[in-house]
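Throughout the sequence shown, residue numbering follows full-length UniProt numbering, covering 1 to 163 in sequence. Down below is the structure, laid out as structure tokens.
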Amino acid sequence: MVNNAYMIVIGQIQGKIKGPVTLAGRQDSFRVHGCSYEVVSPRDPGSGLPTGKRMHKPVTVVKDIDGASPLFMRALITNENINEVVLQFCHKDGAGRDMPYYTIRLLNAGLSGIRMLRKSDILPGAASWPSEREELSFTYQQITWKWEQGGISLTDDWKAPVV
1 MVNNAYMIVI GQIQGKIKGP VTLAGRQDSF RVHGCSYEVV SPRDPGSGLP TGKRMHKPVT
61 VVKDIDGASP LFMRALITNE NINEVVLQFC HKDGAGRDMP YYTIRLLNAG LSGIRMLRKS
121 DILPGAASWP SEREELSFTY QQITWKWEQG GISLTDDWKA PVV
């Protein structure tokens, strides 16, 4: 079975940016087709010892182009603060329902880039896409990763020292 992922975005000025999902419990969210992020710790090439603070790269999300696309572009060009971005990753239970297993939550975020992904022969698998897609890149002050089974979580805030 295919795992699903959903995104909720709440802007400081625009409020909740409504997505096209109509499923019960997921109304107004966005279906996420791809997601990536990276955290790196700079290292001395000779010793392998840390040489500075960890660096968070943008969280990148792929979604369909839809009616909210101009709203995301508005948030980008006006530098609107994004109060919260929630990415929820789900797997199917025995009855075929989406059950959350992993959540990424960004606070005090901003859109740092939007890239259109057009259907073409260049992108592998793109011919099967139902519509064109876009890649949204979010920078953030705080990120929380949570494994839902057991409630295992970690929060990192670049304004707060790591203890």
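The C-beta atom is built at its ideal place from N, Cα and C for all residues, glycine as well. In this text the structure is predicted, and so the values were computed from the model without any measurement.
Item to complete: Would you mind reading off the limits of the beta strand (DSSP E) that contains R133?
Response: R133 to W147
Practice prompt. Taking only the alpha-carbon atoms, compute the straight-line gap between Q141 and G48 and give it to the nearest angstrom.
Written response: 27 angstroms
Item to complete: May I ask which residues mark the beginning and end of the beta strand (DSSP E) holding R105?
Response: D98 to L117
Worksheet item: In chain order, what residues of the same chain have a beta carbon less than 6 angstroms from the beta carbon of T155, not counting five sequence neighbours either side?
Response: T144
Item to complete: Could you check how far apart the C-beta atoms of F30 and V40 are, in whole angstroms? I think they sit under 8 angstroms.
Response: So it is not a contact: roughly 27 angstroms between Cβ atoms.
Worksheet item: Among the residues of its own chain, which have a CB less than 6 angstroms from the CB of V85, if the five just before and after it don't count?
Response: V9, L106, A109 and F138
Worksheet item: Over what stretch of residues does the beta strand (DSSP E) that includes I10 continue unbroken?
Response: N4 to G11
Practice prompt. Compute the Euclidean distance between the alpha carbons of M7 and Q88, then round it to the nearest angstrom.
Written response: 6 angstroms
Item to complete: Please state whether DSSP places P50 in a helix, a strand or coil.
Response: strand
Discussion item. I'd like the ranges of any alpha helix (DSSP H) spanning at least 4 consecutive residues and lying wholly in the region 63-95.
Written reply: 69-77
Fill in: Helix, strand or coil at residue 172 according to DSSP, with G and I counted as helix
The chain is shown only over 1 to 163; residue 172 falls outside these bounds and no answer can be derived.
Discussion item. Which same chain residues end up closer than 7 angstroms to W158 when comparing Cβ atoms and leaving out the 5 residues on each side of it in sequence?
Written reply: H56 and Q141
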